[in-house]
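Chemist:
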Amino acid sequence: MVDPSTRAAYETHATDWARRRRSTDPGPAARLLARLGGGSATSPPTPLRLADLGCGPGFHLRHLGAGALGLDASRAMLDLATHEAPDAVLVHADIAELPLADRSLDGVVASKVLVHVDRRHLPMALAELHRVTAVDAPVELVMWEGDQDFGPLPGDPLGTRRYALWDADHLVDVIVGAGFAVEALARVPDGEGVRLDLSLRRLRTLADTVGPDMRVLVCGLNPSLYAADAGVGFARPGNRFWPAALAAGLVTADRDPRGALRRDAVGMTDLVKRATVRADELTPDDYHAGLARLERLCAWLRPSLVCMVGLSGWRAAVDRGAVAGLQTRRLGGRPVYVMGSTSGLNAHSRPADHVAHLRRVAELADRID
């Protein structure tokens, strides 16, 4: 969620901030419209569902056309936006908890709003953005470059705002994990530092549900198209992961990855983010890039234990001679437990086997520092 002290600063100083920052440059709104094809700042493409998330006083929102959605956590900023974009639909909400339907947006501007989210919580804010955008929807994201998990900036005129600053490569890793492609990235010197302007594309895949203090990070091989469309890993009715995880006491609700992270400290990701009909569509390059990203993710967020679901995937990517159980190979310095696939097509494992493996995973995770 957006930091409460930052929200309070905007509530108190919205008018002064808008006066100092007033701009006629359509910036990310113009880039979004150009990517949508045929649109301009004066004639946006229609009928598309466009949004400025973290719209502030509406400087970008006004370029998105009548009926565009403007969302902000500050009521004072939305009051200003009513004058800048009188034909917009304005919503008071937090960007990390969007009151929007799945796949309801065709294009999004999110300019310097996610800079106010702790770096460790950005994956879940991006997962929420992935949820509400349609497949192939373009997103224009603006962030600040630097190295800071979350804190104030020296000389901030509003005093109490807190910022996350990002290394570009690390940010791209997190964005890819959230189910977006990065189509363009520009480092732009700005009066307040170096800006990262990113053009993203929402992919037909799953978003990671990860964060700090995870007991277990569950890692599938790659999403099926069915799971990608459902927005839930292991989603098919015949897949035995969720029943086994419930029976093992690893999670407390069925097919609820966000709840698993929030309530049970169980995160979820994939070795390869590309969704396919069948696993044999994956290439050695897919495995190589996916394993490298997973290493970096584990080194950053440091889950107590990584549970790789799919022995064949681990063998293909890491160790051809691996057997189920705790591995000698670690990921990002974190221990790894490998178990067989929970697909209903896996005739080598019984449901009771999956329960036993996940019960062991839970026990190990509670013992590991």
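Per our numbering: the sequence shown = residues 3 to 371.
The beta carbon of each residue, even a glycine, is placed where N, CA and C say it ideally should be.
When the Cα of Ala-319 is compared with those of Leu-307, Leu-167, Arg-9 and Asp-282, which residue comes out closest?
Modeler: Counting from 1 along the sequence shown, the entry for residue 319 is found at position 317. The candidate whose alpha carbon is nearest that of Ala-319 is Asp-282.
Chemist: Could you spell out where the beta strand (DSSP E) holding Ser-201 opens and where it closes?
Modeler: Counting from 1 along the sequence shown, the entry for residue 201 is found at position 199. 195–204 is the extent of the beta strand (DSSP E) around Ser-201.
Chemist: Let me know the alpha helix (DSSP H) ranges lying completely inside the stretch 238–270, each 4 residues or longer, listed in chain order.
Modeler: Listed in chain order, the complete alpha helix (DSSP H) runs (minimum 4 residues) inside the stretch 238–270 are 243–250 and 259–266.
Chemist: Taking the alpha helix (DSSP H) that Ala-301 falls in, what are its first and last residues?
Modeler: In the sequence shown, residue 301 corresponds to position 299, counting from 1. 286–303 is the span of the alpha helix (DSSP H), which, as asked, contains Ala-301.
Chemist: Assuming Gly-161 and Lys-275 form a contact by the criterion Cβ under 8 Å, report the distance between their Cβ atoms to the nearest whole angstrom.
Modeler: Taking the sequence shown and counting its residues from 1, one reaches residue 161 at position 159. Taking the sequence shown and counting its residues from 1, one reaches residue 275 at position 273. Not a contact, Cβ separation roughly 40 Å.
Chemist: Between which residues of its own chain and Gly-458 is the CB-CB distance below 6 Å, once the five residues before and five after are set aside?
Modeler: This structure gives no information on residue 458, because the portion of the chain shown stretches from 3 to 371.
Chemist: Measure the Cβ-Cβ separation of Arg-217 and Ser-306 and say whether it is below 7 Å.
Modeler: Counted from its first residue, the sequence shown places residue 217 at position 215. Counted from its first residue, the sequence shown places residue 306 at position 304. Closer than 7 Å, so yes.
Chemist: Assess, as a yes-or-no matter, whether the stretch 92–101 is touched by the stretch 177–194 under the definition of 3 or more beta carbon pairs within less than 8 Å.
Modeler: No: the two stretches stay apart, fewer than three of their Cβ pairs being nearer than 8 Å.
Chemist: Less than 7 Å separating the beta-carbons of Leu-208 and Ala-230?
Modeler: As a working mapping, residue 208 is identified with position 206 in the sequence shown. As a working mapping, residue 230 is identified with position 228 in the sequence shown. Contact flag set, yes.
Chemist: Where do the N-terminal and C-terminal ends of the beta strand (DSSP E) with Leu-66 fall, by residue?
Modeler: Locating residue 66 in the sequence shown gives position 64, where the first residue counts as 1. Per DSSP, Leu-66 belongs to no beta strand (DSSP E) and is neither H nor E.
Chemist: Please determine, among Leu-38, Asp-104 and Asp-81, the residue with the shortest C-alpha to C-alpha distance to Val-93.
Modeler: Here residue 93 is taken as the residue at index 91 of the sequence shown, counted from 1. When only C-alpha atoms are compared, the closest one is Asp-81.
Chemist: By DSSP, does Gly-179 sit in helix, in strand, or in coil?
Modeler: Here the question's residue 179 lines up with position 177 in the sequence shown. Residue state, collapsed to three classes: helix.
Chemist: Given this structure, state the Cα-to-Cα distance separating Leu-63 from Ala-87, to the nearest angstrom.
Modeler: Position 61 of the sequence shown holds residue 63. Position 85 of the sequence shown holds residue 87. Taking the straight line from one Cα to the other gives about 6 Å.
Chemist: How many angstroms separate the CA atom of Ala-32 from the CA atom of Gln-329?
Modeler: Looking up residue 32 in the sequence shown gives position 30. Looking up residue 329 in the sequence shown gives position 327. Whole-angstrom Cα-Cα distance: 50 Å.
Chemist: Under a three-way DSSP split, which group does Gly-109 fall into?
Modeler: Stepping through the sequence shown from its first residue, residue 109 is reached at position 107. It is a strand residue.
Chemist: Can you give me the start and stop residues for the beta strand (DSSP E) that Val-220 sits inside?
Modeler: By one-based count along the sequence shown, residue 220 stands at place 218. That run of the beta strand (DSSP E) goes 218–222.
Chemist: At which residues does the beta strand (DSSP E) containing Asp-1 begin and terminate?
Modeler: Within the shown structure, residues of the chain are numbered from 3 to 371, placing residue 1 beyond reach of any answer.
Chemist: What whole-angstrom Cβ distance do Val-308 and Leu-223 have, given they're in contact under 8 Å?
Modeler: Reading the sequence shown from its first residue, position 306 is the one you call residue 308. Reading the sequence shown from its first residue, position 221 is the one you call residue 223. Contact flag wrong, Cβ pair sits at about 13 Å.
Chemist: Tell me the rounded alpha-carbon separation between Pro-191 and Leu-198.
Modeler: Here residue 191 corresponds to residue number 189 of the sequence shown, with the count starting at 1. Here residue 198 corresponds to residue number 196 of the sequence shown, with the count starting at 1. Going from the Cα of Pro-191 to the Cα of Leu-198 covers about 9 Å.
Chemist: Return helix, strand or coil for Ala-229, following the three-state DSSP convention.
Modeler: By one-based count along the sequence shown, residue 229 stands at place 227. It is helical.
Chemist: With a floor of 4 residues, list each alpha helix (DSSP H) that falls wholly inside the stretch 124–185, ordered by position along the chain.
Modeler: You should have 124–134 and 170–179.
Chemist: Identify which residue in Phe-243, Glu-297, Leu-303 and Ala-364 has its Cα closest to the Cα of Gly-312.
Modeler: As a position in the sequence shown, residue 312 is number 310, starting the count at 1. The candidate whose alpha carbon is nearest that of Gly-312 is Phe-243.
Chemist: Nearest to Gly-213 by CA position, among Gly-109, Thr-271 and Ala-20, is which residue?
Modeler: Stepping through the sequence shown from its first residue, residue 213 is reached at position 211. The shortest Cα separation from Gly-213 among Gly-109, Thr-271 and Ala-20 belongs to Thr-271.
Chemist: At the level of alpha carbons, what is the spacing between Ser-314 and Asp-215?
Modeler: As a position in the sequence shown, residue 314 is number 312, starting the count at 1. As a position in the sequence shown, residue 215 is number 213, starting the count at 1. Taking the straight line from one Cα to the other gives about 28 Å.
Chemist: Quick one: is Gly-60 buried, meaning 16 or more other Cβ sit within 10 Å of its Cβ, or exposed?
Modeler: Within the sequence shown, residue 60 is the residue found at index 58, counting from 1. Gly-60 is buried by the Cβ-count criterion.
Chemist: In the DSSP assignment, the alpha helix (DSSP H) including His-94 goes from what residue to what residue?
Modeler: Within the sequence shown, the letter at position 92 stands for residue 94. That residue, His-94, is in no alpha helix (DSSP H); its beta strand (DSSP E) goes 91–94.
Chemist: With a CB to CB cut of under 6 Å and the five nearest residues on each side skipped, what residues in its chain are close to Lys-114?
Modeler: Counting from 1 along the sequence shown, the entry for residue 114 is found at position 112. Excluding positions up to five away in sequence, the list reads Val-144.
Chemist: For Met-79, which three-state DSSP category applies?
Modeler: Sequence index remark: in the sequence shown, residue 79 carries index 77 (1-based). Reduced to three states, the DSSP call for Met-79 is helix.
Chemist: Got a sec? Which residues, its chain only, sit under 7 Å from Leu-333 by beta carbon, not counting five neighbours each side?
Modeler: Within the sequence shown, numbered from 1, the residue matching residue 333 stands at position 331. So the list reads Leu-296, Glu-297, Cys-300 and Val-308, once near-sequence residues are dropped.
Chemist: Grab the span of the beta strand (DSSP E) containing Asp-18 for me, first residue to last.
Modeler: Locating residue 18 in the sequence shown gives position 16, where the first residue counts as 1. Unbroken run through Asp-18 is the alpha helix (DSSP H), 6–23; no beta strand (DSSP E).
Chemist: Ala-32 lies in the alpha helix (DSSP H); which residues open and close that run?
Modeler: Residue 32 sits at position 30 when you count from the first residue of the sequence shown. Unbroken alpha helix (DSSP H) run through Ala-32: 29–38.
Chemist: Below 7 Å between beta carbons: does that hold for Asp-210 and Pro-337?
Modeler: Taking the first residue of the sequence shown as position 1, residue 210 is located at position 208. Taking the first residue of the sequence shown as position 1, residue 337 is located at position 335. Not closer than 7 Å, so no.
Chemist: Mind checking which residues open and close the beta strand (DSSP E) that includes Ala-53?
Modeler: As a working mapping, residue 53 is identified with position 51 in the sequence shown. Per DSSP, Ala-53 belongs to the beta strand (DSSP E) from 52–55.
Chemist: Give me whichever residues DSSP pairs with Val-308 in a beta bridge.
Modeler: Translated into positions along the sequence shown, residue 308 becomes position 306. DSSP output for Val-308 lists Leu-219 and Val-338 as bridge partner(s).
Chemist: Determine the extent of the alpha helix (DSSP H) in which Leu-313 is found, giving its start and end residues.
Modeler: Counting from one through the sequence shown, the residue named residue 313 turns up at place 311. Note, Leu-313: alpha helix (DSSP H), 313–319.
Chemist: Assuming Asp-175 contacts Ala-139 (C-beta within less than 8 Å), just tell me the rounded distance between them.
Modeler: By 1-based counting over the sequence shown, the position of residue 175 is 173. By 1-based counting over the sequence shown, the position of residue 139 is 137. Actually they are not in contact, since the Cβ atoms of Asp-175 and Ala-139 sit about 21 Å apart, beyond 8 Å.
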